[in-house]
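Each residue of the sequence shown is one higher than the last, beginning at 45 in our numbering.
Ideal Cβ positions, reconstructed from N, Cα and C, are used throughout, including at glycine.
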Amino acid sequence: MPRVKKILLINPFIIETNSYNYETVISGGQFAESPLGLGYISSYLQSKINDVEIEIFDANLMAMKHFISKGKVDMSAAWGLLKDKIEEVSPDIIGVSSLFHSTSHIVHQTCTLIKKISPDIITVIGGSYPTISYSDALKDNNIDYAIIGEGEICFMDLILFLNKEKGVENLHGIAYRDDKNIIFKENKFLIKNLDELPFPDRTNISPDDYIMPNDFSEYGNLSRNFLFRVLGRNNAKIGIMTASRGCPYSCSFCSAKHIWGRSIRYRNSKNVVDEIELLIKEYGVNAIVFNDDNFTVSTKKAVAIMDEIIKRGLNIRWGVGGGLGVNFLDEEIIKKMYDSGIAIFNLAFESGSQKTLKEIGKVLNLEISKNVVRRIRKLGKGYIIGFFISGFHFETKKEVEETLEFARSLDLDWALIRNYQAIPGSRIFEECLQKGYIVADSIRYGYPLVTSNVDWPNFSKEYILEKNYLANLEVNFINSRNLNSDRVDQAIRDFKGVIELAPDHAIAYYVLGKAYEIKGDLLKVKDNWHKAQDILKTSETSRSYFKHFKIDINKELNLLEGGAL
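Shown next, in the form of structure tokens:
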């Protein structure tokens with residue numbers, strides 16, 4: 045076999061074939077984020093192996109740009125452009141990111157395409173899907189190797205093995221076929237000192253490509269991000285990074301331990317803030333999202349990063365995508381968060397039932413959660429998002445109601461109430477599997493309001509979907525804390541953000557009209573209520589929501605247009 049010299053790393057399309065929605069693509073609704081894992085793989089390989097050419101290609105970003113430039117969704121054209129890119133690079137080996145089971149079919153289609161172009165190209169997949177389900181993944185002969193867990197050292201050793209510079213005994217953290225048998229080699233060597241890792245290679249995944257103010261890009265803003273809620277879509281240029289890897293806890297609904305192990309490893313605070321400064325200077329970034337599993341599990345480490353940001357006088361806003369550990373947020377650390385530029389408090393409450401919290405292994409007391417929200421409100425004007433999971437397979441309707449009532453009771457700007465999704469690799473996924481609660485071919489997760497993939501003994505999927513969705517509508521829209529004169533601009537940002545994602549969201553148009561009513565802009569009230577009215581004409585589901593909340597939009601419009609408002 046020829047020496048491996050050219051490596052292509054692909055971030056594949058992230059949602060189901062033909063399900064991209066042009067309206068949300070063009071308004072910035074589809075998810076797109078720098079594939080940080082590929083950036084780390086690239087920079088690490090370049091630092092360790094001589095004479096390799098590495099390119100990262102984000103097929104998802106490419107597709108979105110193509111759809112916008114052509115004014116329509118055309119997946120056959122997108123696959124054709126990916127084929128052109130592979131042929132242009134003509135790599136010896138291709139690594140395909142496979143972060144989630146929910147998009148595994150796209151990864152398989154990508155590897156099928158690669159082998160059709162050239163059977164000699166070596167295909168490697170890495171991420172949560174192959175780590176947890178490598179035996180299923182390798183049933184596909186278009187996939188040659190599956191990386192297990194943390195990928196930098198494993199990928200490097202694979203390249204050295206293929207180049208005959210290391211023997212097969214040196215391979216670890218990898219699975220592959222030997223004749224008809226699958227060989228699995230455990231990942232034994234996690235990187236202990238994360239400061240030894242070079243910063244991610246952002247050559248082909250610049251923040252400019254993902255979150256770009258409209259006046260700087262012919263494509264407009266190509267992605268969504270939770271920081272838009274506070275900073276606004278066109279005022280936020282966001283850099284993605286991590287300050288740690290892993291989480292020491294063992295919540296039964298989470299599978300992260302399979303990637304990073306059961307411990308947590310930290311970067312030095314100066315190393316972290318050096319990367320922040322690089323993102324500011326080289327890319328003009330003004331906001332940071334830490335994609336850590338548990339940013340605050342060590343308050344000492346978190347405070348050291350915040351102190352370094354303050355010490356260097358960096359004018360940066362930041363947030364944590366994976367959620368903040370509620371237990372650790374005392375007044376001192378909350379004040380430090382405000383001083384260092386936190387934009388949003390993402391609080392991982394998970395449940396409003398103490399019984400459920402114990403069952404899932406979440407060490408959290410409900411009274412602590414209430415006090416944390418009070419402290420954040422006392423010390424500043426932070427935006428608070430609460431994360432909840434409702435409808436675990438062991439819950440009764442009582443526990444579901446407790447969670448929804450708890451979400452209503454907290455002074456949150458937004459409550460993200462998810463239907464429980466059984467995640468492969470988690471302990472309770474295995475329980476659901478053993479008890480027959482998992483439905484075949486229904487492994488979907490990561491989206492807040494999709495129907496669950498679990499069949500419960502205590503209630504139906506339809507019950508939990510409706511209960512959670514109505515609670516979301518109630519907390520976030522009908523009874524939004526920001527529908528008042530002091531915070532109405534925040535409400536407008538929130539509701540517009542929803543409409544970007546769901547242009548047929550009648551409730552969002554209705555409450556957006558309510559927000560403009562507070563501002564006294566009656567023309568915009570009328571415009572948004574007419575849009576809601578148009579949706580109601582054809583959507584029985586939307587009409588049912590208006591009926592549930594006793595909203596008579598026709599009456600309100602008549603009053604408005606008759607001059608009574």
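>> If I measure Cβ to Cβ from residue 263 and keep anything under 6 Å in the same chain, skipping five residues before and after, which residues do I get?
In response: Confidence in residue 263 is poor, its pLDDT being 49 and thus under 50, which makes the residue's placement unreliable; the coordinate value appears in the next sentence. So the list reads 109, 112, once near-sequence residues are dropped.
> Excluding the five sequence neighbours on either side, which residues of its own chain have a C-beta within less than 7 Å of the C-beta of residue 535, listed in chain order?
Replying inline: Residues 524, 526, 527, 559 of the same chain have their beta carbon placed closer than 7 Å to that of residue 535, with the five preceding and five following residues left out of the count.
>> Am I right that residue 273 and residue 541 are in contact with their C-beta atoms under 8 Å? What's the rounded C-beta distance?
In response: Taking the Cβ atoms as the reference, residue 273 lies roughly 6 Å from residue 541, within the contact range of under 8 Å.
>> What ranges does the alpha helix (DSSP H) occupy inside the region 174-257, keeping only unbroken runs of at least 4 residues that lie completely in it?
In response: Contiguous alpha helix (DSSP H) elements confined to the region 174-257 occur at 196-206, 251-254, taking only those with 4 or more residues.
> residue 167 by DSSP, collapsed to three states: which one?
Replying inline: strand
>> Is it buried or exposed, residue 631, if we count other Cβ atoms within 10 angstroms and call 16 or more buried?
In response: Residue 631 lies beyond the stretch modelled for the chain, which goes from 45 to 609, so this question has no answer here.
>> Threshold first: 3 residues or longer. Then list the beta strand (DSSP E) segments lying entirely within the region 291-361, N to C.
In response: 308-310, 331-334
> If you count every other CB in all the chains shown that lies within 10 Å of the CB of residue 489, and 16 or more means buried, which is it?
Replying inline: Interpretation of residue 489 is limited by its pLDDT of 42, a score under 50 that renders its predicted location unreliable; no figure is taken from the coordinates.
> If we call anything under 7 Å between Cβ atoms a contact, is residue 555 one with residue 521?
Replying inline: yes
>> Mapping the DSSP letters down to three states, classify residue 86 as helix, strand or coil.
In response: helix
> By a C-beta neighbour count over all protein chains shown, 10 Å radius and 16 as the cutoff for buried, is residue 114 buried or exposed?
Replying inline: exposed
> How big is the Cα-Cα spacing for residue 101 and residue 501?
Replying inline: Whole-angstrom Cα-Cα distance: 45 Å.
> In the region 366-401, which residue ranges form an unbroken alpha helix (DSSP H) of at least 4 residues, counting only runs that do not cross its ends?
Replying inline: Qualifying alpha helix (DSSP H) stretches, in chain order: 375-384.
>> At the level of alpha carbons, what is the spacing between residue 204 and residue 321?
In response: 34 Å
> Going by beta carbon distance, what residues of the same chain come within less than 6 Å of residue 154, once the five residues before and after it are set aside?
Replying inline: 56, 140
> Can you tell me the Cα-Cα spacing of residue 307 and residue 439, whole angstroms?
Replying inline: If I take the Cα positions, the gap works out to 29 Å.
> How would you write the range of the beta strand (DSSP E) that residue 426 sits in, first residue to last?
Replying inline: It is not in any beta strand (DSSP E) - residue 426 carries neither H nor E in the DSSP assignment.
>> DSSP three-state label for residue 530, please.
In response: In this structure, residue 530 counts as coil in the three-state DSSP scheme.
> If you draw a straight line from the alpha carbon of residue 550 to that of residue 537, how long is it in whole angstroms?
Replying inline: If you take the alpha carbons of residue 550 and residue 537, they lie about 16 Å apart.
> So the beta strand (DSSP E) residue 565 belongs to, where does it begin and stop?
Replying inline: Careful: residue 565 lies outside any beta strand (DSSP E) and carries neither H nor E.
> Looking at C-alpha atoms only, which residue of 224, 208, 201, 207 is the closest neighbour of residue 214?
Replying inline: 201
> Is residue 94 helix, strand or coil when you go by DSSP?
Replying inline: Assigned with DSSP and collapsed to three states, residue 94 falls in coil, not helix or strand.
> According to the neighbour-count rule (16 or more other Cβ atoms, all chains shown, within 10 Å of its Cβ), is residue 183 buried or exposed?
Replying inline: exposed
>> Our contact map puts residue 579 next to residue 586 with C-beta atoms below 8 Å; I'd like the distance itself, whole angstroms only.
In response: 5 Å
>> Is it the case that the region 407-415 contacts the region 361-373, given that we only count it when at least three CB pairs across the two stretches are under 8 Å?
In response: Taking 8 Å as the limit for Cβ pairs, the verdict is that the region 407-415 does touch the region 361-373.
> Among all the DSSP beta bridges, which residues are the ones paired with residue 99?
Replying inline: 52
>> Suppose the cutoff is 7 Å on Cβ atoms and the five residues either side in sequence are ignored; what does the same chain contact list for residue 638 look like?
In response: Since the first residue of the chain shown is 45 and the last is 609, residue 638 is not available in this structure.
> Using a threshold of 6 Å, is the CB atom of residue 510 nearer than that to any non-hydrogen atom of the ligand GDP?
Replying inline: The ligand content of the structure shown is nil, which means the ligand GDP is not present either.
>> On the DSSP letters alone, give me the boundaries of the beta strand (DSSP E) that residue 140 sits inside.
In response: 137-141 is the span of the beta strand (DSSP E), which, as asked, contains residue 140.
>> At the level of alpha carbons, what is the spacing between residue 293 and residue 158?
In response: 39 Å
> Should residue 233 go down as buried or exposed, given a rule of 16 or more other Cβ atoms within 10 Å for buried?
Replying inline: exposed
>> If I follow the unbroken alpha helix (DSSP H) through residue 459, where does it start and stop?
In response: Residue 459 -> not in any alpha helix (DSSP H); beta strand (DSSP E) instead, spanning 458-463.
>> Using a Cβ-Cβ cutoff of less than 8 Å, which residues in the same chain neighbour residue 604 once the five nearest sequence positions on both sides are dropped?
In response: 566, 569, 570, 573
>> With DSSP as the reference, identify every bridge partner of residue 288, one or two as the case may be.
In response: 310
>> If the criterion is Cβ atoms closer than 7 Å, does the pair residue 353 and residue 389 meet it?
In response: no
> Out of curiosity, what's the CA-to-CA distance linking residue 79 and residue 283?
Replying inline: 11 Å
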